[in-house]
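Comments concern the structure below.
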Amino acid sequence: MSKKKSQSTNWKERRRIHALKLKRNGWKQKDIAFALNVSEGAVSQWLKIAGTEGKKSLRAHPHVGRIPKLTYTEKQFIPDLLSYGAEAYGFRGEVWTCLRVRKVIEWEFGVSYNKSHVARLLKDLKWTPQMPMERATQRDEPAIARWRSEVWVEMKKKAHLEHRILIFVDESGFYLLPATVRTYAPCGHTPILPVFLTHDHLSVMSGITPQGWLFTMTRDDSMNGLDSVHFLKHLLWQTNSKLLVIWDGSPIHRNQCVKDYLANGATKHIHLERLPAYAPDLNPDEGVWDHLKYVELRNLCCSDLNHLHRDCGISQV
3 MSKKKSQSTN
13 WKERRRIHAL
23 KLKRNGWKQK
33 DIAFALNVSE
43 GAVSQWLKIA
53 GTEGKKSLRA
63 HPHVGRIPKL
73 TYTEKQFIPD
83 LLSYGAEAYG
93 FRGEVWTCLR
103 VRKVIEWEFG
113 VSYNKSHVAR
123 LLKDLKWTPQ
133 MPMERATQRD
143 EPAIARWRSE
153 VWVEMKKKAH
163 LEHRILIFVD
173 ESGFYLLPAT
183 VRTYAPCGHT
193 PILPVFLTHD
203 HLSVMSGITP
213 QGWLFTMTRD
223 DSMNGLDSVH
233 FLKHLLWQTN
243 SKLLVIWDGS
253 PIHRNQCVKD
263 YLANGATKHI
273 HLERLPAYAP
283 DLNPDEGVWD
293 HLKYVELRNL
303 CCSDLNHLHR
313 DCGISQV
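Using the working numbering, the first residue of the sequence shown is number 3, and each one after it goes up by one.
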């Protein structure tokens with residue numbers, strides 16, 4: 003029996019015996035129930051058993067059954083072992099499956115479990131199947147941490163002092179091919195999505211503010227520097243306010259058209275800030291695209307760009 007289970011049982015045993023002592027000291031059943039945070043029916047049952055079988059009947063009874071192959075401490079050590087990654091144990095790819103975990107348990111503890119039991123064991127340890135996120139190895143983590151703790155704070159102050167609206171800007175492409183996600187279907191009958199194989203797509207640029215305002219612009223072709231300038235003008239016209247625009251280092255943001263636009267007086271109204279490289283997690287606008295692709299448009303097959311445009315629900319500017 004594990005230490006954790008033993009402590010839990012002893013605690014319940016002490017509560018039952020304490021209820022008997024209170025009754026012998028003249029307490030009423032409803033007062034005992036209130037003091038021990040249990041129901042009156044539970045107190046009545048304990049006292050009835052103690053009256054017929056004696057105080058020993060309130061003692062905890064050890065659970066009989068098969069002795070666990072792994073102790074409680076060994077089970078709690080499994081997440082530490084898995085944290086080294088699947089490739090550390092010689093597997094190809096960072097993928098943990100029940101069969102692979104079963105092998106690790108066998109290698110480390112000399113204990114063999116079946117696949118179903120390993121699944122239950124992982125569930126008890128709060129391990130669940132999850133979709134990994136890709137993260138570039140070129141990321142400068144110290145710079146990203148500094149941006150979160152220092153740069154972002156200074157930009158919010160700047161926007162407040164200069165009465166600017168903060169806007170995060172990003173671009174994405176939407177193809178006729180669907181964003182495929184899992185769906186229920188009859189066993190043995192894999193669903194088939196009829197798609198028109200093509201590289202035709204909509205290019206979308208959007209901006210989102212901390213207040214939740216969303217501005218969008220779509221094009222049937224790939225975007226360039228002129229489109230970036232057009233979108234900045236669109237933001238100025240829509241907000242009628244000075245802006246602090248935060249975006250990544252995409253070439254269309256560093257295009258000569260954008261530099262010329264700023265040099266011709268746009269800096270009076272627009273201040274541009276660049277995000278650290280390979281840090282899409284800093285831009286909340288990325289979440290807009292993820293939601294649109296993998297929630298609103300999941301498994302949606304479009305016949306042409308007009309169909310895609312209607313279902314995207316994004317206005318043309």
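We put the CB at the ideal spot given by N, CA and C, even for glycine.
9 Å Cβ cutoff met for residue i and residue j
| i | j | result |
| --- | --- | --- |
| G209 | F198 | no |
| F93 | R104 | no |
| V206 | W291 | yes |
| L172 | D250 | Contrary to the premise, residue 172 reads as Asp rather than Leu in this sequence. A contact, by the Cβ cut-off of 9 Å. |
| A62 | K25 | no |
| L127 | P70 | no |
| E275 | V153 | yes |
| P196 | C303 | yes |
| W129 | L84 | yes |
| L60 | I34 | no |
| E164 | H273 | yes |
| V40 | A52 | no |
| L238 | H271 | yes |
Whole-number beta carbon distance between residue j and residue i, since they are thought to touch under 8 Å
| i | j | result |
| --- | --- | --- |
| K72 | V113 | One point to set straight first is that residue 72 is Leu, not Lys, in the sequence displayed. Confirmed, Cβ separation roughly 6 Å. |
| T192 | L204 | Wrong, their Cβ atoms sit about 29 Å apart, outside the cutoff. |
| A347 | I169 | Within the shown structure, residues of the chain are numbered from 3 to 319, placing residue 347 beyond reach of any answer. |
| T241 | I167 | 5 Å |
| L307 | D222 | 6 Å |
Between the CA atoms of residue j and residue i - distance to the nearest angstrom
| i | j | result |
| --- | --- | --- |
| I107 | Q140 | 34 Å |
| P286 | L277 | 12 Å |
| V16 | W215 | The displayed chain sequence assigns Arg, not Val, to residue 16. Whole-angstrom Cα-Cα distance: 59 Å. |
| H201 | A187 | 29 Å |
| C189 | C100 | 21 Å |
| A88 | E110 | 14 Å |
| Y74 | S46 | 35 Å |
| K6 | L124 | For K6, the predicted structure reports a pLDDT of 47, less than 50, and the residue's modelled location is therefore unreliable. The matter cannot be settled from this model. |
| M3 | N116 | Note on M3: pLDDT 43, under 50, position unreliable in the model; no value is reported. |
| E284 | A161 | One point to set straight first is that residue 284 is Leu, not Glu, in the sequence displayed. C-alpha separation (whole angstroms): 18 Å. |
| S305 | A268 | 41 Å |
| K57 | S118 | 42 Å |
| A37 | K50 | 19 Å |
| E55 | K32 | 23 Å |
- Go through the segment 151–179 residue by residue and report every complete run of the beta strand (DSSP E) that reaches 3 residues or more, in order. Those beta strand (DSSP E) runs which fall completely within the segment 151–179 and span 3+ residues are 166–177.
Next on the checklist: Does the contact criterion of 3 or more C-beta pairs under 8 Å hold for the segment 257–264 versus the segment 220–231?
Outcome noted: yes
* Asked: Given 8 Å as the limit, is there contact between the segment 240–256 and the segment 176–186, that is, 3 or more CB pairs closer than that?
  -> These segments do not touch.
My parser needs the beta strand (DSSP E) runs of 3 or more residues fully inside the segment 214–298; what are they? 216–221, 244–249, 272–276
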